[in-house]
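Student: One structure is given below, represented as structure tokens, and several questions about it will come after.
In my numbering, the protein residues as written are 3 to 220.
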């Protein structure tokens with residue numbers, strides 16, 4: 003399955019999520035940046051409130067594109083032990099990168115929310131959405147950060163490697179992967195338009211959601 007763009011993927015994903023029962027107290031959480039475009043459509047289609055949940059990749063020092071883990075809002079850190087062990091990365095190096103990315107999370111929270119407080123999720127169902135999963139580290143960090151707060155955590159993505167989707171099922175109450183190819187080299191392969199999402203797009207969508215009845219942001 004190839005999606006036209008993230009908004010198209012969100013509309014399709016909404017149809018799958020809608021089959022779940024009792025979502026009356028659910029909150030849709032988009033992982034910026036790309037996941038917010040998908041989440042916006044899910045929230046609008048299902049008439050649910052929308053917010054963001056920020057996760058940052060922890061890049062290997064000197065090889066920043068290679069993920070050794072991820073850190074989520076609230077400080078939860080997940081490490082890729084195979085990468086850490088193979089490259090002999092010290093705990094101090096991981097902590098240094100995590101500290102830097104924590105500051106970036108705080109900057110983005112300020113930029114995206116524009117003075118609006120986070121949506122309360124304590125005791126609610128959190129529907130966590132990204133535009134796709136290659137390694138699953140980002141989603142895993144977010145899930146573990148949400149677990150102590152939300153009553154239930156549902157992960158939902160338009161596309162994920164079959165193995166990654168299976169692994170995440172043990173971490174969430176329900177995992178939805180609309181498309182599960184056996185081999186996924188890059189999420190962008192499953193989108194005709196996978197242009198980088200900007201901070202301004204995220205702010206605009208959150209502003210629209212605040213002004214829409216039923217798809218509101220705190």
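The beta-carbon is built from N, C-alpha and C at its ideal position, and this holds for glycine as well. Predicted model only: the values in this text are computed from it and were never measured.
1. What residues are listed by DSSP as bridge partners for residue 5?
2. Among all the DSSP beta bridges, which residues are the ones paired with residue 177?
3. Over the uninterrupted alpha helix (DSSP H) stretch that includes residue 117, give me the two end residues.
4. How far does the alpha helix (DSSP H) with residue 210 in it extend, from its first residue to its last?
5. If we ignore side chains and look at the alpha-carbon of each, how far apart do residue 10 and residue 68 end up?
6. Helix, strand or coil for residue 187, going by three-state DSSP, please let me know.
7. Answer with buried or exposed for residue 20, where buried requires no fewer than 16 other C-beta atoms within 10 angstroms of its C-beta.
8. How do the stretch 143-160 and the stretch 168-176 stand: do at least 3 beta-carbon pairs fall below 8 angstroms, yes or no?
9. Who does residue 32 pair with in a DSSP beta bridge?
10. State the start and end residues of the unbroken alpha helix (DSSP H) segment that holds residue 148.
11. Where does the unbroken alpha helix (DSSP H) through residue 73 begin, and where does it stop?
12. So, are the CB atoms of residue 62 and residue 139 less than 9 angstroms apart?
13. The alpha helix (DSSP H) with residue 84 in it runs from where to where?
14. What did DSSP end up calling residue 162 once you bin it into helix, strand or coil?
Tutor: Working from what's here:
1. 193
2. 157
3. Residue 117 -> no alpha helix (DSSP H), and no H or E assigned at all.
4. 201-213
5. 29 angstroms
6. coil
7. exposed
8. yes
9. 54 and 131
10. 139-148
11. Premise fails: residue 73 lies in the beta strand (DSSP E), 65-74, not in any alpha helix (DSSP H).
12. no
13. 83-88
14. strand
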